[in-house]
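Scroll down for the structure; my scribbles are underneath it.
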Amino acid sequence: MLLRGLSRLLRDRRAAGPGPRWASGIAAIREQTLVAVKPDGVQRRLVGEIIQRFERRGFQLVGLKLVQAPHDVLSAHYHDLEEKPFYPALIEYMSSGPIVAMVWEGHDVVRVSRVMVGSTSPAHALPGTLRGDLCVHISRNAVHASDSVEVAKKEISLWFHHSELVEWQCCAHSNLYKV
Ligand code: TYD
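To convert, take the position in the sequence shown, counting from 1, and add 7; that gives our numbering.
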C-alpha cells in the first residue's frame, strides 16, 4: 500500500517535470503589485467594485490606505512622463482628491492586474476590464496598476512604508494554489 503510494507520487512528480514545480513555487506566488484607485474612482464610489475584482480573482490584499497623495510621491511616481504634454493635467487630477493605494499579492499578479485594468485609454479598453467597464476617457481612467515587476517594487516602496504591509496566511490558499 505504502509502496504503491510512493511510486504514484514519484510518477506524478516525473510527469509534472521540473518546470511547472518551479513556475508555481513560493517566489512566484508572492509577487506583489501596486494598484491604486485614482481620485475619479474614489469620487465615483468605485473603490468597492475595484477591490472586489481583485479579491474574486483570488489575489491577496497585503496593503491598503486612503491618501491625499503628496506632491513628491506623485512626481516620483510619474517621473517618466514629466516631458509629456498631459503631465501637468495628470498631476493636478491625481492631486484633486484622495486615492486608495493598495498592494496585491499572488501568482503573476503584475501581468494579470494590467490585463484586468485594461488599456490606458478606456476608449480602447475591452469590456470585462476595469477601464473598459467603468470609464470613458484617458484623462479619467480610474485605476492604476504597475506595469512590470521592477516598477511594482519601486512603486510599492514609494507609496508604502514596509511596516504598512501585512504578511498573513489566507485560508483559501490551498484552493488557489497547489504549493
Ligand atoms: P501611462 O503610464 O502611459 O499609462 P498606464 O496608466 O496605463 O500605465 O500613463 C499614466 C497616466 O497618464 C494614464 O493612466 C492616464 C494619463 N494619460 C493621459 O492623461 N493622457 C495620455 O495621452 C496618456 C498616454 C496618459
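Each residue gets a CB set at the ideal place from its N, CA and C atoms; glycine is no exception.
Secondary structure at residue i, three-state DSSP: helix, strand or coil?
| i | result |
| --- | --- |
| leucine 165 | helix |
| histidine 114 | coil |
| proline 48 | Strictly speaking, residue 48 in this sequence is glycine, with proline absent from that position. Correct three-state label for glycine 48: helix. |
| valine 119 | helix |
| serine 73 | The sequence given here places leucine at residue 73; serine does not occur at that position. Three-state DSSP puts leucine 73 in a strand. |
| histidine 131 | coil |
| alanine 30 | Residue confidence is low: alanine 30 scores 42 on pLDDT, short of 50, so the model does not pin down where it sits. No coordinate-derived value is stated. |
| glutamine 39 | strand |
| valine 156 | helix |
| valine 80 | helix |
| glycine 143 | Inspection of the sequence shows that residue 143 is occupied by valine rather than by glycine. The answer is coil: DSSP assigns valine 143 none of H, G, I, E or B. |
| valine 54 | helix |
| glutamine 176 | coil |
| alanine 108 | strand |
Give me, in chain order, the residues of the same chain whose beta-carbon lies closer than 8 Å to that of residue i; leave out the 5 immediate sequence neighbours on both sides.
| i | result |
| --- | --- |
| valine 69 | Gln39, Val110, Trp111, Glu112, Leu172, Val173, Glu174 and Trp175 |
| histidine 169 | none |
| aspartate 115 | Ala35 and Glu38 |
With a CB to CB cut of under 7 Å and the five nearest residues on each side skipped, what residues in its chain are close to residue i?
| i | result |
| --- | --- |
| glutamate 99 | none |
| isoleucine 57 | Val44, Gly48, Leu137 and Val150 |
| leucine 165 | Val80, Ala83 and His84 |
| alanine 30 | With a pLDDT of 42 at alanine 30, under the threshold of 50, the predicted position of this residue should be treated as unreliable, though the coordinate-derived value follows. The answer is none, since no qualifying residue turns up. |
| isoleucine 163 | Gln39, Leu41 and Val110 |
Note down, in chain order, each residue of its chain lying with its Cβ closer than 6 Å to the Cβ of residue i, except the 5 sequence neighbours on either side.
| i | result |
| --- | --- |
| glutamine 75 | Pro105 |
| lysine 185 | none |
| leucine 71 | Met109 |
| arginine 147 | Asp47 |
Does the Cβ of residue i lie closer than 8 Å to at least one heavy atom of the ligand TYD?
| i | result |
| --- | --- |
| leucine 53 | no |
| tyrosine 85 | yes |
| proline 131 | Per the sequence shown, the amino acid found at residue 131 is histidine instead of proline. Every heavy atom of the ligand TYD is 8 Å or more from the Cβ of histidine 131, so no. |
| aspartate 140 | no |
| alanine 159 | no |
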